[in-house]
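For the sequence shown, UniProt numbering assigns the number 251 to the last residue and increments by one with no breaks.
This report refers to the structure that appears directly beneath it.
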Amino acid sequence: MFFFGRSLGLRVGLASKPAQAETFPVKVQAQTKNLFGLFGLGVRGVAYVGLRPRRMAHKKMLKGFFKTHSGGSLRGTSLLFGNFGLRVVEGGRLEDKQIDAARTVMRRVVKEEKGANFHLKCFTDRPVTSKPAEVRMGKGKGPVEFFATWVPKGRVIFEISCTRKETGLKALRVAAAAIPLRTEIVRGAEEMPVDGYAPQLGVKPPRCLPFFIKRRLAEQEFRDKIASRSVERVEKVAQADAGLKTVKIVS
1 MFFFGRSLGL
11 RVGLASKPAQ
21 AETFPVKVQA
31 QTKNLFGLFG
41 LGVRGVAYVG
51 LRPRRMAHKK
61 MLKGFFKTHS
71 GGSLRGTSLL
81 FGNFGLRVVE
91 GGRLEDKQID
101 AARTVMRRVV
111 KEEKGANFHL
121 KCFTDRPVTS
131 KPAEVRMGKG
141 KGPVEFFATW
151 VPKGRVIFEI
161 SCTRKETGLK
171 ALRVAAAAIP
181 LRTEIVRGAE
191 EMPVDGYAPQ
201 LGVKPPRCLP
211 FFIKRRLAEQ
221 EFRDKIASRS
231 VERVEKVAQA
241 DAGLKTVKIV
251 S
């Protein structure tokens with residue numbers, strides 16, 4: 001397919017139809033390699049397919065510190081699209097190459113069953129730069145090496161929809177081998193773990209509450225206790241007053 005880009009040069013594009021067995025909420029984009037720089041002539045190659053954003057406001061980002069929340073949030077902790085899911089037990093960073101490797105091995109298992117598909121629930125949108133080895137400090141920021149995403153503890157990263165239980169468990173087990181984080185397999189609306197390292201995460205979320213909610217609950221419990229004590233004290237005083245009045249009346 002031939003088309004014209006922003007420049008006057010001719011561009012050649014190679015388009016391939018995606019597989020029918022996979023449904024992703026994010027778009028898969030191939031890297032563009034400019035083989036002929038003259039007049040903007042380039043070839044869009046499909047040698048490496050990575051999960052990268054289509055367009056960004058800035059090519060590079062500051063290193064910063066990305067928080068991986070440990071509890072209290074319910075976003076992304078339950079199944080939405082499938083009946084089996086792969087959930088991370090510990091927070092950490094996932095690279096686009098690692099997610100692509102897990103997706104590839106899952107596709108090989110899922111295609112054995114007709115009508116089965118899987119969903120990716122995380123997207124690598126953070127560019128990570130690195131400088132070559134044996135390079136002195138300074139002289140600018142290095143080029144973008146890969147894209148990554150930071151996932152918190154308890155986040156579901158893969159979901160699979162299938163009728164056979166063996167297919168879903170096998171696909172998620174081979175995907176867990178390609179993920180550098182500890183994971184567990186959850187299923188159904190109950191979200192009970194099937195195979196994993198931390199069975200305590202198998203209960204339905206929330207597994208723990210943030211500190212400020214715990215503090216509010218403790219304060220409310222303290223107020224209720226004080227109120228109950230004051231009510232008991234008022235009742236005792238009223239009973240005592242009633243007893244004195246009855247004694248006076250009898251006498």
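Ideal Cβ positions, reconstructed from N, Cα and C, are used throughout, including at glycine.
What you are looking at is a predicted structure, and each value in this text was computed from that prediction instead of being measured.
Residue from Arg107, Gly140, Ala227 and Arg126 with nearest C-alpha to Ser161: Comparing Cα positions, the closest option is Arg107.
Residues sharing a beta bridge with Leu94, DSSP: Thr149
Per-residue DSSP class, three states only, for Arg216: It is helical.
Segment contact flag, the region 83-96 with the region 170-180, C-beta cutoff 8 angstroms, min 3 pairs: yes
Cβ-based burial, Lys153 [other Cβ within 10 Å; buried from 16]: So Lys153 counts as buried.
Below-8 angstroms beta-carbon distance, Ile213 vs any chain C residue: Although the question refers to chain C, the structure presented lacks it and comprises just one protein chain.
Gly168 in three-state terms, based on DSSP: helix
N-terminal and C-terminal residue of the beta strand (DSSP E) that Thr77 is part of: Counting along the chain, Thr77 falls outside any beta strand (DSSP E), and DSSP gives it neither H nor E.
Residues near residue 254 by beta carbon distance below 6 angstroms, same chain, minus five either side: Because the chain is modelled from 1 through 251, residue 254 falls outside the range shown and cannot be assessed.
Beta-ladder partner(s) of Thr104, from DSSP: For Thr104, which the question treats as bridged, DSSP gives no partner whatsoever.
Between the CA atoms of Asn83 and Arg187 - distance to the nearest angstrom: Near 5 angstroms, if we compare the C-alpha coordinates of Asn83 and Arg187.
Neighbour-count burial assignment, Ala133, 16 or more Cβ in a 10 Å radius: A residue is called buried once 16 or more other Cβ atoms fall within 10 Å of its Cβ, and Ala133, having fewer, is exposed.
Pair within 8 angstroms by beta-carbon distance, Ala116 and Thr183: no
Sub-8 angstroms separation of Val105 and Val174 beta-carbons: yes
Nonlocal neighbours in the same chain, by C-beta distance under 7 angstroms from Ala238, ignoring five residues either side: Spatial neighbours of Ala238 in its own chain (CB-CB distance under 7 angstroms, excluding positions within 5 residues in sequence) are not present.
Neighbourhood of Gly76 by C-beta, 7 angstroms cutoff - its chain only, sequence neighbours within 5 removed: Lys121, Arg155 and Val156
Segment limits, beta strand (DSSP E) that includes Gly85: Phe84 to Val88
Close-in-space but distant-in-sequence residues of the same chain around Val144 (CB under 6 angstroms, 5 per side omitted): Pro127 and Thr129
Lys94 versus Ala218: straight-line alpha-carbon distance, rounded: Note on identity: in this sequence residue 94 is Leu, with Lys being the wrong assignment. If you take the alpha carbons of Leu94 and Ala218, they lie about 38 angstroms apart.
Integer-rounded CB distance, given that Asp100 should sit under 8 angstroms from Leu51: Contact between Leu51 and Asp100 holds, with the beta-carbon distance rounding to 7 angstroms and staying under 8 angstroms.
Ser161, enclosing beta strand (DSSP E) - first and last residue: Val156 to Ser161
Pairwise C-alpha distance: Phe212 and Leu80: 29 angstroms
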